[in-house]
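Asker: The structure's right below; bear with me while I get my questions together.
Protein chains: 2
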Amino acid sequence: MVSLGELGERELVEGIRNIIRLPPGLGPGDDSAVIPNIGRDIVACVDGITFERHFPKGMTYEEFGWMAAAVNISDLASMGAVPIGLLAGLTMPADLDVRSLYDIMLGMDICAESYGAYIYGGDTKFGSGGVSCTAIGTLEGRSPMLRSGARPGDIIAVTGSLGSAAAGFYAAENGLEGLVSSSPLMTPVPRVDEGVALAASGAVTSCIDLSDGLAEGARSICNASKVGMNIHMTFLPEGEGVETVFSELGIPKKEMMLYWGGDYELLFTFDKSKMETLYSYDVDFSVIGIVTNDNTPYIDYGDRREAMGNGRY
Amino acid sequence: MVSLGELGERELVEGIRNIIRLPPGLGPGDDSAVIPNIGRDIVACVDGITFERHFPKGMTYEEFGWMAAAVNISDLASMGAVPIGLLAGLTMPADLDVRSLYDIMLGMDICAESYGAYIYGGDTKFGSGGVSCTAIGTLEGRSPMLRSGARPGDIIAVTGSLGSAAAGFYAAENGLEGLVSSSPLMTPVPRVDEGVALAASGAVTSCIDLSDGLAEGARSICNASKVGMNIHMTFLPEGEGVETVFSELGIPKKEMMLYWGGDYELLFTFDKSKMETLYSYDVDFSVIGIVTNDNTPYIDYGDRREAMGNGRY
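In order, the protein sequence lines correspond to chains A and B.
Quick note: to get the numbering used here, add 37 to the position in the first sequence (first position is 1).
Quick note: to get the numbering used here, add 37 to the position in the second sequence (first position is 1).
This is the structure we're talking about:
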């Protein structure tokens with residue numbers, strides 16, 4: 038093994054350039070990168086993950102890299118943007134095997150490739166392990182979907198299903214890997230196509246990704262839009278593995294589906310008069326509730342309802 | 038004091054939004070930022086600084102924030118680009134006073150403001166202290182200046198002067214703050230106007246910023262361009278404080294001017310047949326040597342010359 042601390046900067050950059058695909062324009066290796074003219078608004082975000090907090094049992098370095106890219110691509114998706122380029126700000130222990138760093142970059146690059154994007158640059162410093170990834174994308178002329186914009190009477194919906202990431206986590210922690218897949222947890226799939234379609238439809242009034250869980254996402258939209266929500270527990274689409282983890286380990290479904298992060302689905306609200314338009318965009322989603330005047334998101338169990346607490350993350 | 042670990046994410050974002058200027062388009066607070074249409078190539082870079090390595094004695098948190106912005110703006114400048122937006126990927130100890138974080142953001146914002154740019158987004162995670170900053174800019178149609186492109190016979194030049202950052206460091210470490218200014222070290226001024234003019238001139242064949250020192254910058258250009266350099270020690274423009282630190286503390290000038298990072302000047306090569314054109318662009322620079330076939334940068338003392346060693350950083 039060669040530890041990171043032993044390697045010169047030039048060798049490291051050369052090593053990384055051999056691992057990842059080189060982008061159009063000018064990629065890693067000079068002072069800055071040049072992304073060819075996109076002729077549109079730029080959408081950008083930065084989000085970090087750390088070894089300490091985002092490296093669950095059983096995860097590989099490659100999956101950690103995928104995750105670093107995915108959390109940011111998901112942030113673009115929630116606005117209706119598509120990714121173009123990533124920049125990787127790495128903070129890594131000096132005694133890390135350099136192959137682990139290459140695996141991280143490879144995982145980032147594979148995730149980027151899945152969405153037609155490239156790694157355009159990076160930087161490595163020594164410290165506690167983590168990747169602060171920046172994603173740059175474009176709306177291609179669409180209006181961005183924001184957290185603000187939800188209005189009382191709008192319908193609340195979510196793409197995909199909820200709780201699979203949490204189920205994967207509990208399964209890995211408790212030796213149930215054979216029964217429940219960990220891939221929703223380890224290599225989440227950002228909803229870029231769905232985000233593009235939702236933004237293009239013109240029907241959506243607010244949107245956020247569920248990186249921090251449904252409860253936290255709902256609270257963020259409520260705060261930004263100054264509205265409340267009534268979300269029906271029975272309407273929530275249950276993810277793969279949730280039933281198994283509940284029956285085998287007794288973890289409440291509510292915890293997995295409401296209070297756990299990591300699903301990377303899109304939570305959005307839309308104008309109910311535009312439901313037909315929305316359906317014509319062919320996005321697979323579930324209606325889960327309605328926007329209210331309450332200023333707080335509630336979860337409704339039929340016989341009673343309770344205000345959603347803070348998320349686990 | 039309120040420690041970072043006690044503060045919720047929403048409060049933190051709100052606190053930061055109260056500290057920094059809000060940019061045109063969509064700034065911090067949603068999943069991504071939207072930078073209004075620039076209609077040109079995007080230039081982007083990421084560079085990190087850490088408490089452990091880039092927080093010299095006497096530095097304030099505000100200056101640390103300035104530094105995080107400046108190192109990236111300088112990377113844009115070395116290509117001939119101007120900054121538009123910054124994104125701040127923070128890794129901060131949970132017990133940090135939140136005011137220190139606000140001071141970091143304020144320092145970043147003041148630096149950005151000096152160059153007509155804004156902070157467009159950010160993210161905070163817990164860990165060893167550091168800022169991974171991404172800068173996004175544009176060339177406004179100019180061709181980028183790269184590290185590659187220098188040819189034997191080209192003239193080597195540098196903006197400003199060398200060694201002031203090192204002099205500021207040694208002065209602060211040894212109680213000479215009254216004699217030598219620390220501002221070149223604490224709040225370096227990236228050469229954006231100079232970079233724009235150099236790129237616009239069409240005379241420059243390669244360029245790099247001196248964040249890592251003259252020796253390291255020269256080696257980077259030599260490696261990327263597959264050339265050598267002969268740089269004359271007597272031609273090097275001596276920065277403020279270098280003479281004082283040499284005479285008071287005996288630190289060799291060579292160490293401060295060649296092997297120390299932090300000056301953030303531009304090192305560039307240009308086609309000697311275009312010298313008149315370059316002068317017409319009114320950039321203040323010093324000629325320091327000539328590009329050779331050697332494959333290595335040499336420092337020439339008149340009676341002898343030696344290969345430049347590795348930089349201090």
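Note that the Cβ used here is the ideal one computed from N, Cα and C, for glycine as well.
Under 7 Å between beta-carbons, which chain A residues line up against B:GLU285? List them in chain order, please.
Answerer: One-based indexing of the second sequence puts residue 285 of chain B at position 248. By Cβ distance, chain A contributes nothing, its closest Cβ being about 32 Å from B:GLU285, past 7 Å.
Asker: Excluding five sequence neighbours on each side, which residues of the same chain lie with their C-beta closer than 6 Å to the C-beta of B:PRO120?
Answerer: The sequence position of residue 120 of chain B within the second sequence is 83, counting from 1. The residues are ILE110, LEU113, TYR152, ALA154, ALA172 and GLY174.
Asker: Near B:LEU44, which residues of its chain fall below 6 Å by C-beta distance, leaving aside the five closest residues on each side in sequence?
Answerer: Numbered from its first residue, the second sequence carries residue 44 of chain B at position 7. Correct list, in chain order: VAL135.
Asker: Looking only at its chain, what residues have a beta carbon closer than 6 Å to the beta carbon of B:GLY339, apart from the 5 residues adjacent to it on each side?
Answerer: Counted from its first residue, the second sequence places residue 339 of chain B at position 302. For B:GLY339, where only same-chain residues beyond five positions count, there are no Cβ hits under 6 Å.
Asker: Could one say the Cβ of B:TYR155 lies closer than 8 Å to chain A's Cβ atoms, at least one of them?
Answerer: Position 118 of the second sequence, counted from the first residue, corresponds to residue 155 of chain B. With 8 Å as the cut-off, B:TYR155 does not count as an interface residue toward chain A.
Asker: Pick helix, strand or coil for A:LEU247, following the three-state DSSP scheme.
Answerer: The residue given as residue 247 of chain A occupies position 210 in the first sequence. Here A:LEU247 sits in coil by DSSP.
Asker: In chain C, which residues lie less than 7 Å from B:CYS259 when you measure between Cβ atoms?
Answerer: Within the model displayed, chain C is absent; protein chains A and B are what it includes.
Asker: Quick one: which unbroken beta strand (DSSP E) runs of 3-plus residues sit fully inside the segment 165 to 236 of chain B? Chain order, please.
Answerer: 167 to 175 and 192 to 196
Asker: In chain order, what residues of the same chain lie with their CB nearer than 8 Å to the CB of A:LYS311, ignoring the 5 residues before and after it?
Answerer: Mapped onto the first sequence, residue 311 of chain A falls at position 274. Correct list, in chain order: SER238, GLY239 and ALA240.
Asker: Pairing CB atoms from the segment 156 to 165 of chain A with CB atoms from the segment 81 to 88 of chain B, are three or more of them under 8 Å?
Answerer: yes
Asker: Between which two residues does the alpha helix (DSSP H) containing B:LEU286 stretch?
Answerer: By one-based count along the second sequence, residue 286 of chain B stands at place 249. Segment 279 to 286, the alpha helix (DSSP H) holding B:LEU286.
Asker: Between the segment 67 to 95 of chain A and chain B, which residues of the former have CB atoms less than 8 Å from a CB of the latter, in chain order?
Answerer: ASP67, ASP68, SER69, ALA70, VAL71, ILE72, PRO73, ASN74, ILE75, GLY76, ARG77, ASP78, ILE79, VAL80, ALA81, CYS82, VAL83, ASP84, GLY85, ILE86, THR87, GLU89 and ARG90
Asker: If contact means a Cβ-Cβ distance below 8 Å, which residues of the segment 128 to 150 of chain B contact chain A?
Answerer: THR128
Asker: Would you say B:ARG228 lies against chain A (beta-carbon separation less than 8 Å)?
Answerer: Taking the second sequence and counting its residues from 1, the one referred to as residue 228 of chain B is at position 191. No, its Cβ sits nowhere closer than 8 Å to a Cβ of chain A.
Asker: Can you check DSSP and say which residues form a bridge with A:PRO65?
Answerer: For the purposes of this step, residue 65 of chain A is taken as the residue at position 28 of the first sequence. Answer by DSSP bridge pairing, in chain order: A:ASP67.
Asker: Is it the case that the Cβ atoms of B:GLU100 and A:GLY164 are separated by a distance below 8 Å?
Answerer: Reading the second sequence from its first residue, position 63 is the one you call residue 100 of chain B. Reading the first sequence from its first residue, position 127 is the one you call residue 164 of chain A. Against a cut-off of 8 Å, the Cβ pair of A:GLY164 and B:GLU100 comes out as no contact.
Asker: Hey, would you say B:TYR98 sits closer than 8 Å to B:GLY144, going by beta carbons?
Answerer: Residue 98 of chain B sits at position 61 when you count from the first residue of the second sequence. Residue 144 of chain B sits at position 107 when you count from the first residue of the second sequence. Yes, Cβ-Cβ distance for B:TYR98 and B:GLY144 is below 8 Å.
Asker: Drop a sphere of 10 angstroms on the beta-carbon of B:TYR316, count the other beta-carbons inside from all chains shown, and report buried for 16 or more, exposed for fewer.
Answerer: Here residue 316 of chain B is taken as the residue at index 279 of the second sequence, counted from 1. Burial call: exposed.
Asker: Check the Cβ of A:LYS263 against every Cβ in chain B and list those closer than 8 Å, keeping chain order.
Answerer: To locate residue 263 of chain A, count along the first sequence from 1; it is residue 226. Residues of chain B passing the Cβ test: none, with the nearest at roughly 14 Å.
Asker: What did DSSP end up calling A:VAL80 once you bin it into helix, strand or coil?
Answerer: If you number the first sequence from 1, residue 80 of chain A lands on position 43. Strand at A:VAL80.
Asker: Between B:ARG58 and chain A, is there a C-beta pair that is closer than 8 Å?
Answerer: Along the second sequence, one-based indexing puts residue 58 of chain B at 21. Answer no: the Cβ-Cβ gap between B:ARG58 and chain A never drops below 8 Å.
Asker: Any beta carbon of chain A sitting closer than 8 Å to that of B:ILE245?
Answerer: Locating residue 245 of chain B in the second sequence gives position 208, counting from the first residue. For B:ILE245, the answer is yes, since a Cβ of chain A falls inside 8 Å of its Cβ.
Asker: Leaving out five residues before and five after A:PRO93 in sequence, what residues of the same chain have Cβ atoms less than 6 Å from its Cβ?
Answerer: Here residue 93 of chain A refers to the residue found at position 56 when the first sequence is read from its first residue. Taken in chain order, the residues that qualify are PHE206.
Asker: On a CA-only basis, which of B:SER243, B:ALA131 and B:LEU138 is nearest B:ILE56? Give me that one, please.
Answerer: One-based indexing of the second sequence puts residue 56 of chain B at position 19. It is B:LEU138 whose Cα lies nearest to the Cα of B:ILE56.
Asker: Pick helix, strand or coil for B:ILE156, following the three-state DSSP scheme.
Answerer: By 1-based counting over the second sequence, the position of residue 156 of chain B is 119. DSSP places B:ILE156 in strand when its eight states are reduced to three.
Asker: So, A:ALA118 versus A:PRO225, is the Cβ gap smaller than 8 Å?
Answerer: By 1-based counting over the first sequence, the position of residue 118 of chain A is 81. By 1-based counting over the first sequence, the position of residue 225 of chain A is 188. Not a contact, by the Cβ cut-off of 8 Å.
Asker: Are there 16 or more other CB atoms within 10 angstroms of the CB of B:GLY348, so buried, or fewer, so exposed?
Answerer: What you label residue 348 of chain B is simply residue 311 of the second sequence in a count that begins at 1. Bear in mind that the predicted position of B:GLY348 carries a pLDDT of just 49, short of 50, making it too unreliable to give a figure here.
Asker: Quick check on this structure: which residue in B:THR306, B:LEU303, B:VAL279 and B:THR87 has the alpha carbon closest to the alpha carbon of B:ALA203?
Answerer: By one-based count along the second sequence, residue 203 of chain B stands at place 166. Here the closest residue by C-alpha is B:VAL279.
Asker: Find the residues of chain A that neighbour B:SER40, judging by a C-beta separation of less than 8 Å, and give them in chain order.
Answerer: By one-based count along the second sequence, residue 40 of chain B stands at place 3. Per Cβ cutoff of 8 Å: no residues; B:SER40 is ~17 Å from chain A at best.
Asker: Please confirm if B:ALA118 has its CB atom under 8 Å from at least one CB of chain A.
Answerer: Numbered from 1 along the second sequence, position 81 holds the residue referred to as residue 118 of chain B. By this cut-off, B:ALA118 is an interface position.
Asker: Tell me the DSSP bridge mates of B:ASP337?
Answerer: For the purposes of this step, residue 337 of chain B is identified with residue 300 of the second sequence, where counting begins at 1. DSSP, once it has assigned bridges, lists B:HIS269 and B:ARG342 as partnering B:ASP337.
Asker: Here's the rule: buried if 16 or more other CB atoms are within 10 angstroms of the residue's CB, otherwise exposed. What is A:THR87?
Answerer: The residue given as residue 87 of chain A occupies position 50 in the first sequence. By the 16-neighbour rule on beta-carbons within 10 angstroms, A:THR87 is buried.
Asker: Classify B:MET38: buried if its beta carbon has 16 or more other beta carbons within 10 angstroms, exposed otherwise.
Answerer: As a position in the second sequence, residue 38 of chain B is number 1, starting the count at 1. Label assigned to B:MET38: exposed.
Asker: Is B:TYR301 closer than 8 Å to B:SER248 when the C-beta atoms are compared?
Answerer: In the second sequence, counting from the first residue as 1, residue 248 of chain B sits at position 211. In the second sequence, counting from the first residue as 1, residue 301 of chain B sits at position 264. In this structure, B:TYR301 lies closer than 8 Å to B:SER248 by Cβ.
Asker: With a cut-off of 8 Å, does the C-beta of B:THR171 fall near any C-beta of chain A?
Answerer: As a working note, residue 171 of chain B is residue 134 in the second sequence. At least one chain A Cβ lies under 8 Å of B:THR171.
Asker: If we count the other Cβ atoms within 10 Å of its Cβ and call it buried at 16 or more, is A:ASP132 buried or exposed?
Answerer: Start at 1 with the first residue of the first sequence, and residue 132 of chain A comes out as number 95. By the neighbour-count rule (16 or more Cβ atoms within 10 Å), A:ASP132 is not buried but exposed.
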